[in-house]
Amino acid sequence: MANTSDIRNIVLLGHGGSGKTSLAEAILHKTGATNRLGSVDDRSSVCDYYDEEKDHKHSIQSAIVFNEYAGKLINIIDTPGSPDFMGPSIKAIPASETAVIVISASSGIETNTRKFFDITTAANKPRLIVINKVDSENVELPELIKNIQETFGNQCRCVNLPTPDKKAVVDCLGSNSGDVLFSDAETAHTELIESVIEVDDALMESYLGGEEIPADKIASVFVKALQVGTIVPILFTNARGEIGITELLDIIVKYTPSPAQAKEIELKDDGEVTALKADPSVPLAGMVFRIGFDPRSNMKYAGIRIVSGTITSETSLHINDGKKGFRPGHILKSLGNENREISKGVAGDIITLAKVEELKAGDLVHDGKFSGKFEFPPVPQPMFALAIEPAARGDEQKIGSALEKLCEEDPCFKVNHDPQTKELLINGLGELHLRVMLEKMEKRNKLSVTTKEPKIPYRETITAKAEGHYRHKKQTGGAGQFGEVYLRVEPAERNSDPTLVFGWDIYGGTIPGQFEPAILKGINDVMQNGFIAGYPLQDVKVSIYDGKYHPVDSKEVAFRAAGKGAFLDALQKAKPALLEPIVNIEVTVPSENMGDITGDLASKRGRVVGQDMLA
131 MANTSDIRNI VLLGHGGSGK TSLAEAILHK TGATNRLGSV DDRSSVCDYY
181 DEEKDHKHSI QSAIVFNEYA GKLINIIDTP GSPDFMGPSI KAIPASETAV
231 IVISASSGIE TNTRKFFDIT TAANKPRLIV INKVDSENVE LPELIKNIQE
281 TFGNQCRCVN LPTPDKKAVV DCLGSNSGDV LFSDAETAHT ELIESVIEVD
331 DALMESYLGG EEIPADKIAS VFVKALQVGT IVPILFTNAR GEIGITELLD
381 IIVKYTPSPA QAKEIELKDD GEVTALKADP SVPLAGMVFR IGFDPRSNMK
431 YAGIRIVSGT ITSETSLHIN DGKKGFRPGH ILKSLGNENR EISKGVAGDI
481 ITLAKVEELK AGDLVHDGKF SGKFEFPPVP QPMFALAIEP AARGDEQKIG
531 SALEKLCEED PCFKVNHDPQ TKELLINGLG ELHLRVMLEK MEKRNKLSVT
581 TKEPKIPYRE TITAKAEGHY RHKKQTGGAG QFGEVYLRVE PAERNSDPTL
631 VFGWDIYGGT IPGQFEPAIL KGINDVMQNG FIAGYPLQDV KVSIYDGKYH
681 PVDSKEVAFR AAGKGAFLDA LQKAKPALLE PIVNIEVTVP SENMGDITGD
731 LASKRGRVVG QDMLA
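Here's what the structure looks like:
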């Protein structure tokens, strides 16, 4: 088992189709972790092992793999790049020390390239940029490098450059010469050195004085420069041809930080912050960042980054603030869908636990000595919804259980029952997201549903002031019923909370205060059921200002009816109106597509309220 200082944790991020999974497969094959080069196209990928991933030919869930190289254990988290499946990708970021942003040479900087770069910047993660698919035709690599530096900063510097035939790469860190496709190795070497030594004043002074900086001194400050962000190395690969893979591995093991070198991960508990030391000898704390279910057995697996301490099969584990401990059983290392048992996991390593049903992504697991929560970057809120119904009667409970598991896997997949429309809704980041989730449920659980567009949850309101009056009088031969109410209504602030602002302005005892709750109940009956079309009312102020009561016949039921009647009388004079849902969205799009997007939004009655030009 590796020492903490010999571990490297890498998360592969980037837009869909940039080649992240192919890069992971090339690393595994190059280091002997697999005996053949896995491929997304021929369904042999180690990382994309779900049927849905094979069918759609892209990742939908993060995958954990590992390999050994030059005496180091490299844990790799391969993540989805499609905007529909960003949730698992974002959850994986805190579990790693270094983010590798993969860019397709042919596609360049795309939407999720920007998003993941920004997220990892905010998380203070060291970053590498890998330009993959360098063998693509009609690619202007100099222009791409220029775009990268304009978008992400001049700290992005080439660590190597492709040869003219694109069948190899030339090192620009340890060397300043070589036959390269564009630019020249000497210029790249100089720019690289200048970015690296920014973090060391003594080296900078020596360099400015004309001294040549030895390679060993460059190496000693490279990790610091990477962590501080004065250097974001750019490397070139052709994953399918396994070109540039060894050079990438060399950079990872030599210059990316180990868990012991990286910034300490923090636990936050009611304002108190505990920095956790990546030390196997201290108390155990682990971060659950991934939940998955075996595609065949449906067994639950939890991916856990051990932040501090050591875990064995005999460790007494606690989840969050739970007081009752449990033994985890087998400690596993995951290679895609293959799980290998190990004797223990140490601080910095990434392990897997099986069949611990209580675990959720984001949980803290510990040996009873910690409390608090880990901080994860926020995930996008689901914006797309479908109403679903069981295709077969009696499947409601089974479907509920299956949907709960899908929610555990993907933090951006949500399920809720709309109390207004009485529909069961599934919510996600797009149509593809929801379609894939339903495919999963059908294959795993043999459960089918019918889908339809959700009913629109309209609301009702008023747009003018008005007064209302109602007298409730009923004689039944014995004790009667009597209650009379005068009230005023006016619009409240839009989307006010509570939706009804109620005022009791009775003076002189015209209505005893004991009947106030009954009148309010009558008004709420109308608020819930609407006035125009049966939709709930909102943003209404009501003031009860006068009325009458009878010392014998006045009862709660009478004033409930009087309150309801007076409110209905006022509503018909207060210019009632329907409200439809409004959503605020932010769209990131290439400038050349701006016209298409604004036109599409306008066709849906969308209103553009502002535009920002990104670098």
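Residues 131 to 745 in the working numbering are what the sequence shown lists, from first letter to last.
No residue lacks a Cβ here, since even glycine has one placed at the ideal position from N, Cα and C.
Note that the structure is predicted; figures quoted are calculated from it, not measured.
Can you give the Cα-Cα distance for Leu667 and Val719, rounded to whole angstroms? Translated into the one-based positions of the sequence shown, residue 667 becomes position 537. Translated into the one-based positions of the sequence shown, residue 719 becomes position 589. Each residue's alpha carbon lies about 38 Å from the other.
Are Leu303 and Thr209 closer than 9 Å when you measure CB to CB? Here residue 303 refers to the residue found at position 173 when the sequence shown is read from its first residue. Here residue 209 refers to the residue found at position 79 when the sequence shown is read from its first residue. Against a cut-off of 9 Å, the Cβ pair of Thr209 and Leu303 comes out as no contact.
If you measure between the beta carbons of Ser234 and Gly433, is that distance less than 9 Å? Start at 1 with the first residue of the sequence shown, and residue 234 comes out as number 104. Start at 1 with the first residue of the sequence shown, and residue 433 comes out as number 303. Not closer than 9 Å, so no.
Report yes if the C-beta distance between Ser226 and Ala390 is below 9 Å; otherwise report no. The residue labelled residue 226 in the question sits at position 96 within the sequence shown. The residue labelled residue 390 in the question sits at position 260 within the sequence shown. It is not a contact, given that the beta carbons lie outside the stated cut-off.
Local conformation of Tyr665 per DSSP, three classes: Here residue 665 corresponds to residue number 535 of the sequence shown, with the count starting at 1. DSSP places Tyr665 in coil when its eight states are reduced to three.
Are there three or more Cβ pairs, one per stretch, closer than 8 Å when the stretch 248-260 is compared with the stretch 572-591? No contact exists between the stretch 248-260 and the stretch 572-591.
How about Ala691 and Gly652: do their beta carbons lie closer than 9 Å? In the sequence shown, counting from the first residue as 1, residue 691 sits at position 561. In the sequence shown, counting from the first residue as 1, residue 652 sits at position 522. At the C-beta level, Ala691 and Gly652 come within 9 Å of one another.
Touching by the beta-carbon criterion (3+ pairs, under 8 Å), the stretch 707-723 and the stretch 632-642: Taking 8 Å as the limit for Cβ pairs, the verdict is that the stretch 632-642 does not touch the stretch 707-723.
What residue range is occupied by the uninterrupted alpha helix (DSSP H) comprising Glu402? The count along the sequence shown starts at 1 and reaches residue 402 at position 272. Unbroken run through Glu402 is the beta strand (DSSP E), 402-406; no alpha helix (DSSP H).
Going by DSSP, what residue range makes up the beta strand (DSSP E) through Leu757? A query on residue 757 cannot be resolved here, the shown segment of the chain reaching from 131 to 745 and no further.
Tell me which residue opens and which closes the alpha helix (DSSP H) that Arg470 is part of. Position 340 of the sequence shown, counted from the start, is the residue given in the question as residue 470. In this chain, Arg470 is not harboured by any alpha helix (DSSP H); it is covered by the beta strand (DSSP E) spanning 468-472.
According to DSSP, simplified to helix, strand and coil, what is Ile712? The sequence position of residue 712 within the sequence shown is 582, counting from 1. DSSP places Ile712 in coil when its eight states are reduced to three.
Could you check how far apart the C-beta atoms of Glu182 and Glu569 are, in whole angstroms? I think they sit under 8 Å. Translated into positions along the sequence shown, residue 182 becomes position 52. Translated into positions along the sequence shown, residue 569 becomes position 439. Contact between Glu182 and Glu569 holds: CB atoms are separated by about 5 Å, below the 8 Å threshold.
Neighbourhood of Val738 by C-beta distance below 7 Å, restricted to the same chain and skipping five residues each side: On the sequence shown, residue 738 is found 608 positions in, with the first residue counted as 1. Once the five neighbours on either side are set aside, the close Cβ partners of Val738 are Thr728, Leu731.
Could you tell me the alpha carbon to alpha carbon distance between Phe645 and Trp634, rounded to whole angstroms? Taking the first residue of the sequence shown as position 1, residue 645 is located at position 515. Taking the first residue of the sequence shown as position 1, residue 634 is located at position 504. In this model, Phe645 and Trp634 are separated by some 11 Å (Cα to Cα).
Which of the three DSSP states, helix, strand or coil, is assigned to Val615? Locating residue 615 in the sequence shown gives position 485, counting from the first residue. Strand, per DSSP.
Sequence-distant residues of the same chain with beta carbon closer than 8 Å to Gln285, five excluded per side: Here residue 285 refers to the residue found at position 155 when the sequence shown is read from its first residue. Result list for Gln285: Ser325, Gly359, Thr360, Ile361, Val362, in chain order.
Collapsed DSSP secondary structure at Met216 in the structure displayed: By 1-based counting over the sequence shown, the position of residue 216 is 86. In this structure, Met216 counts as helix in the three-state DSSP scheme.
His547 and Leu536 closer than 9 Å at C-beta: On the sequence shown, residue 547 is found 417 positions in, with the first residue counted as 1. On the sequence shown, residue 536 is found 406 positions in, with the first residue counted as 1. The answer is no: Cβ separation not under 9 Å.
Using only the alpha-carbon positions, how far apart do Leu701 and Lys603 sit? Indexing the sequence shown from 1 puts residue 701 at position 571. Indexing the sequence shown from 1 puts residue 603 at position 473. One C-alpha to the other measures close to 21 Å.
Outcome for Leu378 when other beta-carbon atoms lying within 10 angstroms are tallied against a minimum of 16: Looking up residue 378 in the sequence shown gives position 248. So Leu378 counts as buried.
So for Asp136, helix, strand or coil by DSSP? Indexing the sequence shown from 1 puts residue 136 at position 6. Asp136 falls in the helix class under three-state DSSP.
Looking only at DSSP bridge pairs, what is Thr591 linked to? As a working mapping, residue 591 is identified with position 461 in the sequence shown. Looking at the DSSP assignment, Thr591 forms a beta bridge with Ala707.
Following a CB-centred definition, is Phe661 positioned closer than 8 Å to any heavy atom of the ligand ATP? The ligand ATP is not among the ligands present in this structure, which contains no ligands whatsoever.
Can you tell which of Ile278, Asp669, His599, Ile323 has the C-alpha that lies nearest to the C-alpha of Phe632? For the purposes of this step, residue 632 is taken as the residue at position 502 of the sequence shown. Shortest Cα-Cα distance from Phe632 to any of Ile278, Asp669, His599, Ile323 involves Asp669.
Assign Ala253 to one of three DSSP states: helix, strand, or coil. In the sequence shown, the residue the question calls residue 253 occupies position 123. Here Ala253 sits in coil by DSSP.
State whether the stretch 476-486 contacts the stretch 438-451, with contact taken as three or more CB pairs (one from each stretch) at a distance under 8 Å. They touch, by the three-pair rule.
I'd like to confirm the pairing. Which residues does DSSP put opposite Ala415 in its beta bridges? In the sequence shown, the residue the question calls residue 415 occupies position 285. Ala415 pairs with Ser438, His496.
For Ala318 and Ile261, I'd like the C-alpha separation in whole angstroms. As a first step, residue 318 must be located in the sequence shown, where it is residue number 188. As a first step, residue 261 must be located in the sequence shown, where it is residue number 131. Their backbone Cα atoms lie some 16 Å apart in a straight line.
How long is the line joining the alpha carbons of Lys544 and Arg173, rounded to whole angstroms? Start at 1 with the first residue of the sequence shown, and residue 544 comes out as number 414. Start at 1 with the first residue of the sequence shown, and residue 173 comes out as number 43. The alpha-carbon atoms of Lys544 and Arg173 are separated by roughly 29 Å.
Exposed or buried, what is Gly374 when buried is set at 16 or more other beta-carbons lying within 10 Å of its beta-carbon? Looking up residue 374 in the sequence shown gives position 244. When all chains shown are included, Gly374 counts as buried.
In the DSSP assignment, find the unbroken beta strand (DSSP E) run with Leu365 in it and report its ends. As a position in the sequence shown, residue 365 is number 235, starting the count at 1. For Leu365, the enclosing beta strand (DSSP E) starts and ends at 362-366.
Paired residues, beta bridge with Glu519 - DSSP: As a working mapping, residue 519 is identified with position 389 in the sequence shown. Thr580.
Counting pairs of beta carbons, one from the stretch 457-465 and one from the stretch 476-496, are three or more of them closer than 8 Å? With the cut-off at 8 Å, the stretch 457-465 and the stretch 476-496 touch.
Would you check if the distance between the CB atom of His186 and the CB atom of Gly211 is smaller than 9 Å? Residue numbering aside, residue 186 sits at position 56 when the sequence shown is read from its first letter. Residue numbering aside, residue 211 sits at position 81 when the sequence shown is read from its first letter. Contact: no.
Span separating the alpha-carbon of Val300 from that of Pro294: For the purposes of this step, residue 300 is taken as residue 170 along the sequence shown, with counting starting at 1. For the purposes of this step, residue 294 is taken as residue 164 along the sequence shown, with counting starting at 1. Rounded to whole angstroms, Val300 and Pro294 show a C-alpha spacing of 10 Å.
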